[in-house]
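Number of protein chains: 2
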Amino acid sequence: MARFQVAAQHPYGPSVGQLVDRLAALPGIGRKSAERLAQHLLGCDEAEALALAQAIQDVRHNVKHCPNCFNLTEDAECEICRDSRRDPQVVCVVEQPKDLLVIEATGVFQGQYHVLGGRISPLSGVGPDDLNIAALVRRVRKQGVREIVMGTNPTLEGDGTALYISNLLADDNVRITRLARGIASGSVLEFANREMLADAMKGRQAF
Amino acid sequence: MARFQVAAQHPYGPSVGQLVDRLAALPGIGRKSAERLAQHLLGCDEAEALALAQAIQDVRHNVKHCPNCFNLTEDAECEICRDSRRDPQVVCVVEQPKDLLVIEATGVFQGQYHVLGGRISPLSGVGPDDLNIAALVRRVRKQGVREIVMGTNPTLEGDGTALYISNLLADDNVRITRLARGIASGSVLEFANREMLADAMKGRQAF
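Those protein sequence lines, which keep their order, are chains G and L.
Residues 59 to 265 in our numbering are what the first sequence spells out, letter by letter.
Residues 59 to 265 in our numbering are what the second sequence spells out, letter by letter.
Set out below in structure tokens:
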């Protein structure tokens, strides 16, 4: 199948090779799936294929970052920041918009969010100035935030980012918490790793 | 996750809901993958996302059916029909362009192809007139074809389509063959089904 590797050599011509290349660049789509999707886009109704192209263009033109929390939105301000029932004094800090979505899906958080746009990662050349950290500090002071819930990923870099932010806010009168760690609900102790069990033991709660 | 089922209710707004719907309509892409792909298309470089949209539009505008064999091509005639080293007197009949590609990838066929655009399927309302069958008959007579290799799928409908075509050409001086059936190279006899083994026994060859 070596002939399918280079765009210009696709048997249908360069446009199809280009499309296969573009599809294969998407996460989780391999060369074979890309070829299959391209076949579908060639064989389906023209309106269906062009509607997908239009939908991609529309999201890139219409969806922006919320100027307050940096969540994604099509409006001037995001749905959550606009919602007057949400408590603006409790802010959950997350790395990416998708993290916000999974926390929001639980339905247990009633405050606002702040999307950093990543995490501090010296190896990838991402420093504090590349993230929405200064905006968070301004927001804390302006909104009179009384609690920051760190919802960064439980990784070395996620924890490091949370620690950096909590140091920045050390002199502000704001309580800083983080998501609880322990054993996952519905999991089996036998397969829990050492860090998970150690977290669960250290954070043990009254029954 | 019920809130993600209806486009208008996507938390980022209707454009993202629309994109997720369009992606989930692709074969082999479920709701969760569609949501993940939409997140990627929102988060990647704008140029990368718009290039994918452009590639979809380009294939629909540039790729046409070859007027001779109905394969897909960006040129006036497809690569295979243009190739003077291919034998125009031996034509392999396939249902879809993708079937042509897999046969072509074996590298053992030196003739031309004819893409029917489907198979006769009364239950789906597809009759002989909906396929490129009349064009095949004209081509057989015009090109002086001496062999038709039936490369339709080894299913009831694929076999029926091949039988219909061979009846149409009964009075023409053309040899009609079909792809050999038997056990798959590299497979294990123990897991071969009855039809496969029966085909292999009936078609046994000198060693």
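We put the beta carbon where it would ideally sit given N, CA and C, even for glycine.
**Asked** Per DSSP, which one or two residues make a beta bridge with residue 130 of chain L?
**Response** L:123
**Prompt:** Buried or exposed: which applies to residue 104 of chain L, given that a residue is buried once 16 or more other Cβ atoms fall within 10 Å of its Cβ?
**Reply:** exposed
**Message:** Using 8 Å as the cut-off, can you tell me whether the region 168 to 186 of chain L makes contact with the region 116 to 129 of chain L, which would need three or more C-beta pairs spanning the two stretches below that distance?
**Reply:** yes
**Prompt:** Helix, strand or coil: how does DSSP classify residue 139 of chain L here?
**Reply:** helix
**Request:** Using a cut-off of 7 Å between C-beta atoms, extract the partners of residue 137 of chain L located in chain G.
**Result:** 69
**Prompt:** So, are the CB atoms of residue 132 of chain G and residue 70 of chain L less than 8 Å apart?
**Reply:** yes
**With 16 other Cβ atoms within 10 Å as the buried cut-off, status of residue 119 of chain G** = exposed
**Within chain G, partners of residue 156 of chain L - CB distance below 9 Å** = 93, 94, 97 and 101
**Request:** May I ask you to list the residues that DSSP assigns as paired with residue 172 of chain L?
**Result:** L:151
**Closer than 9 Å at the beta carbon, the chain G residues around residue 183 of chain L** = Within chain G, no residue comes near residue 183 of chain L; the closest Cβ sits about 16 Å away, beyond 9 Å.
**Prompt:** Hey, which unbroken runs of the alpha helix (DSSP H) at 4 residues or more fall wholly within the region 206 to 250 of chain G?
**Reply:** 214 to 226
**Request:** Put residue 65 of chain L into one of helix, strand or coil per three-state DSSP.
**Result:** Interpretation of residue 65 of chain L is limited by its pLDDT of 39, a score under 50 that renders its predicted location unreliable; the figure taken from the coordinates is listed afterwards. Reduced to three states, the DSSP call for residue 65 of chain L is helix.
**Request:** Give the range of the alpha helix (DSSP H) segment to which residue 85 of chain G is assigned.
**Result:** That residue, residue 85 of chain G, is in no alpha helix (DSSP H); it is neither H nor E in DSSP.
**Prompt:** I think residue 254 of chain L touches residue 235 of chain L, with their Cβ atoms under 8 Å apart; what is that distance to the nearest whole Å?
**Reply:** Rounded, the Cβ-Cβ distance is 19 Å, inconsistent with contact.
**Message:** Using only CA atoms, which one of L:76, L:151 and L:220 lies nearest to residue 97 of chain L?
**Reply:** L:76
**Message:** What would DSSP say about residue 145 of chain L, mapped onto helix, strand or coil?
**Reply:** strand
**Item:** Reference residue 73 of chain L; option with closest CA among G:201, G:106, G:218 and G:110
**Value:** G:110
**Prompt:** Within the chosen definition, does the region 78 to 86 of chain G reach the region 242 to 262 of chain G through at least 3 CB pairs nearer than 8 Å?
**Reply:** no
**Asked** Using the beta-carbon of each residue, which ones in chain L are nearer than 7 Å to residue 109 of chain G?
**Response** 80
**Message:** Does the CB of residue 253 of chain L have a neighbour CB from chain G at under 8 Å?
**Reply:** no
**Asked** Which same chain residues, not among the five before or five after residue 92 of chain L, have their C-beta less than 7 Å away from its C-beta?
**Response** 78, 81 and 82
**Prompt:** Considering only residues of the same chain and omitting the five flanking positions on each side of residue 153 of chain L, which have a CB-CB separation below 7 Å?
**Reply:** 174, 176, 177, 210, 211 and 216
**Prompt:** How many angstroms separate the CA atom of residue 155 of chain L from the CA atom of residue 160 of chain G?
**Reply:** 42 Å
**Where residue 184 of chain L falls: helix, strand or coil (DSSP)** = strand
**Prompt:** If you measure beta-carbon to beta-carbon, which residues of the region 118 to 142 of chain G are closer than 9 Å to chain L?
**Reply:** 118, 119, 120, 121, 129, 130, 131, 132, 133, 136, 137 and 138
**Request:** Counting only runs of 3+ residues fully inside the region 85 to 120 of chain L, write out the beta strand (DSSP E) ranges in chain order.
**Result:** none
**Prompt:** Once you ignore the five residues that flank residue 184 of chain L on each side, which residues in its own chain have a CB closer than 8 Å to its CB?
**Reply:** 176, 177 and 178
**Message:** Is there a C-beta anywhere in chain G that falls below 8 Å from the one on residue 88 of chain L?
**Reply:** no
**Message:** Looking only at its chain, what residues have a beta carbon closer than 8 Å to the beta carbon of residue 65 of chain G, apart from the 5 residues adjacent to it on each side?
**Reply:** With a pLDDT of only 39 at residue 65 of chain G, under 50, the local geometry of the prediction cannot be trusted, and no value is derived from it.
**Request:** Please go through the same chain and pick out, in chain order, the residues whose beta-carbon is closer than 6 Å to the beta-carbon of residue 89 of chain L, but skip the five residues on each side of it.
**Result:** 82
**Item:** Endpoints, the alpha helix (DSSP H) within which residue 191 of chain L is located
**Value:** 191 to 201
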